[in-house]
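Worksheet: the structure to be examined is printed underneath.
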Amino acid sequence: MIFTKKFFAESGLIAGLSVVLGLAFHVPVIRQFLAEEFARGFISGKTSPGIILITLAEAEDLFAGGQGVFIDARSRKDFSTGHIPAAKNFPFEKAKGKAIGEVAAGIPSGKAVVIYCSGKDCPTGFALAVLLRDQGLEEVRVFTGGWDEWIAAGLPAERENDQE
Amino acid sequence: MIRNKHLLCAFRLIVGGLFIYAGVIKIADPLGFARDIQNYRVLPPAACLFIALALPWFEALSGAFLIVGIFKRTSAWLLSFLLAGFIVLVVVTMARGLDVDCGCFGSLSRKADGRLILEDALMLFMALEVALSSPGRRTLS
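Printed below as a string of structure tokens:
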């Protein structure tokens, strides 16, 4: 019989201890949450310096002005079925390895780097941004709305996979 | 059911060690783990944060207790429940067609996929063997 009084007492102790330690250890994070600093996701400038989250309008401005280098973090297959025109495809899974250095080196200086993935809930865009930031890029933008938002807004798209 | 005490000891070290590692790496980056939980699109933000703060400690403490032999069987059961829960979560996530990182090992996590289910199942087997082993042994050997 698993569910003995002893089991519940010991489980309660472990769970209680975990909650107390978890809350006590991260008081600043709880304060940030209560101050609604995480309204756009659990991203903090303090823990993610150099990464800027941008909206569709900002992404559109960078695109229209030709000031941005767009990086698509989705898979090659998703990329080939449609992407932001002139975007470079760096699937996150591949960028995770040694190729990330080449990715960083291939980005022209003086342009804003904008990374996106499928939509606002996909994790790979932000994760790729962290990798690139760690490679020395000073400012990396993440277009959080991603491909879904871009295409839903009727913005230009390129279908063929003409990168590389 | 495995009765070899050396094998059971190895299971405790493997499962306990992995959970300590998984816990500590996430304690160091609570926001990263909160993002991973949020990506599963199951819970509201407050619940994601609460789990991101408490679960890593739960994993690390249970793993440590499993190894040192305090609350050994309870820890083994708790980790078994966790692993079973993870398997269900990954299966449901795959069925929903979501492309997410598992969140298991912080920034070292990889995609929630079939291989992850197999690994979790192997861990679950080891944890259950310890949980179902004869009670009363409180030392490493």
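Protein sequence lines correspond, in order, to chains A and B.
Residue numbers for the first sequence follow the working numbering, beginning at 135 and rising by one.
Residue numbers for the second sequence follow the working numbering, beginning at 3 and rising by one.
Heads up, the beta-carbon is just placed ideally off N, CA and C, and yes, glycines get one too.
Should residue i be flagged as near chain B, meaning a C-beta pair shorter than 8 Å?
i: Gly259 of chain A; result: no
i: Val274 of chain A; result: no
i: Ser214 of chain A; result: no
i: Val247 of chain A; result: no
i: Ala263 of chain A; result: no
i: Val153 of chain A; result: yes
i: Val237 of chain A; result: no
i: Arg293 of chain A; result: no
i: Gly175 of chain A; result: yes
i: Ile306 of chain A; result: Since the first residue of chain A shown is 135 and the last is 298, residue 306 of chain A is not available in this structure.
i: Ser145 of chain A; result: yes
i: Leu157 of chain A; result: yes
i: Phe141 of chain A; result: yes
i: Ile205 of chain A; result: no
What first and last residue would you give for the beta strand (DSSP E) that runs through residue i?
i: Tyr42 of chain B; result: Here Tyr42 of chain B belongs to no beta strand (DSSP E), and DSSP marks it neither H nor E.
i: Ile249 of chain A; result: 246-250
Mind checking if residue i is an interface residue toward chain A, Cβ cutoff 8 Å exclusive?
i: Phe60 of chain B; result: yes
i: Asp1 of chain B; result: A query on residue 1 of chain B cannot be resolved here, the shown segment of chain B reaching from 3 to 143 and no further.
i: Phe88 of chain B; result: no
i: Ser64 of chain B; result: yes
i: Val93 of chain B; result: no
i: Ile4 of chain B; result: no
i: Pro32 of chain B; result: yes
i: Leu152 of chain B; result: Since the displayed chain B opens at 3 and closes at 143, residue 152 of chain B lies outside it and no answer follows.
Helix, strand or coil for residue i? Go by DSSP, reduced to three states.
i: His8 of chain B; result: helix
i: Leu271 of chain A; result: coil
i: Ile185 of chain A; result: strand
i: Ile69 of chain B; result: helix
i: Asp31 of chain B; result: coil
i: Leu142 of chain B; result: With a pLDDT of only 48 at Leu142 of chain B, under the threshold of 50, the placement of this residue in the model should not be trusted, and no figure is reported.
i: Ala49 of chain B; result: helix
i: Glu170 of chain A; result: coil
i: Gly279 of chain A; result: coil
i: Ile22 of chain B; result: helix
i: Gln297 of chain A; result: Per-residue confidence for Gln297 of chain A stands at a pLDDT of 46, beneath the threshold of 50, marking its modelled position as unreliable; the derived number appears in the next sentence. Of the three classes helix, strand and coil, the one that applies to Gln297 of chain A here is coil, per DSSP.
i: Phe224 of chain A; result: coil
i: Gly288 of chain A; result: coil
i: Phe204 of chain A; result: strand
i: Lys254 of chain A; result: coil
Can you give me the C-alpha to C-alpha distance between residue i and residue j, rounded to a whole angstrom?
i: Leu190 of chain A; j: Cys251 of chain A; result: 13 Å
i: Glu273 of chain A; j: Gly279 of chain A; result: 19 Å
i: Gln269 of chain A; j: Phe277 of chain A; result: 19 Å
i: Glu121 of chain B; j: Leu91 of chain B; result: 14 Å
i: Gln166 of chain A; j: Asp103 of chain B; result: 24 Å
i: Ala287 of chain A; j: Cys106 of chain B; result: 35 Å
i: Arg43 of chain B; j: Phe52 of chain B; result: 15 Å
i: Phe21 of chain B; j: Gln201 of chain A; result: 45 Å
i: Ala221 of chain A; j: Lys211 of chain A; result: 14 Å
i: Lys139 of chain A; j: Pro47 of chain B; result: 33 Å
i: Gly87 of chain B; j: Ala263 of chain A; result: 30 Å
i: Asn295 of chain A; j: His217 of chain A; result: Because Asn295 of chain A carries a pLDDT of 49, less than 50, the predicted location of this residue cannot be relied on, and the following value inherits that uncertainty. In a straight line, the C-alpha of Asn295 of chain A is about 9 Å away from that of His217 of chain A.
i: Gly146 of chain A; j: Ser82 of chain B; result: 16 Å
i: Lys74 of chain B; j: Leu9 of chain B; result: 15 Å
i: Asp39 of chain B; j: Leu45 of chain B; result: The amino acid occupying residue 39 of chain B in the given sequence is Ile; Asp does not appear at that position. Each residue's alpha carbon lies about 8 Å from the other.
i: Ile72 of chain B; j: Ser214 of chain A; result: 54 Å
i: Leu57 of chain B; j: Gly25 of chain B; result: 8 Å
i: Leu289 of chain A; j: Ile27 of chain B; result: 40 Å
i: Leu68 of chain B; j: Val17 of chain B; result: 8 Å
i: Ser143 of chain B; j: Leu124 of chain B; result: For Ser143 of chain B, the predicted structure reports a pLDDT of 43, less than 50, and the residue's modelled location is therefore unreliable. The matter cannot be settled from this model.
Let's test the definition: count the other Cβ atoms within 10 Å of the Cβ of residue i and tell me whether it reaches 16, buried, or not, exposed.
i: Glu298 of chain A; result: The pLDDT assigned to Glu298 of chain A is 44, lower than 50, so where the model puts this residue is not dependable, and the model offers no usable value.
i: Thr258 of chain A; result: buried
i: Met3 of chain B; result: exposed
i: Phe60 of chain B; result: buried
i: Ala62 of chain B; result: buried
i: Val247 of chain A; result: buried
i: Gly65 of chain B; result: buried
i: Ile249 of chain A; result: buried
i: Arg140 of chain B; result: Confidence is the limiting factor: at Arg140 of chain B the pLDDT is only 47, short of 50, which leaves the residue's position unreliable, though a coordinate-based value still follows. Exposed, because fewer than 16 other Cβ atoms sit within 10 Å of the Cβ of Arg140 of chain B.
Comparing the CB of residue i with every heavy atom of the ligand HEM, is any distance shorter than 7 Å?
i: Val70 of chain B; result: This structure lacks the ligand HEM; in fact it carries no ligand of any kind.
How far does the alpha helix (DSSP H) with residue i in it reach, from first residue to last?
i: Val102 of chain B; result: Element bounds for Val102 of chain B: n/a, residue is neither H nor E.
i: Ala158 of chain A; result: 139-159
i: Phe127 of chain B; result: 116-134
i: Ser209 of chain A; result: Per DSSP, Ser209 of chain A belongs to no alpha helix (DSSP H) and is neither H nor E.
i: Phe197 of chain A; result: 190-198
For chain E, find out if any of its Cβ atoms is closer than 8 Å to the Cβ of residue i; answer yes or no.
i: His160 of chain A; result: In the displayed structure, chain E is absent; the protein chains listed are A and B.
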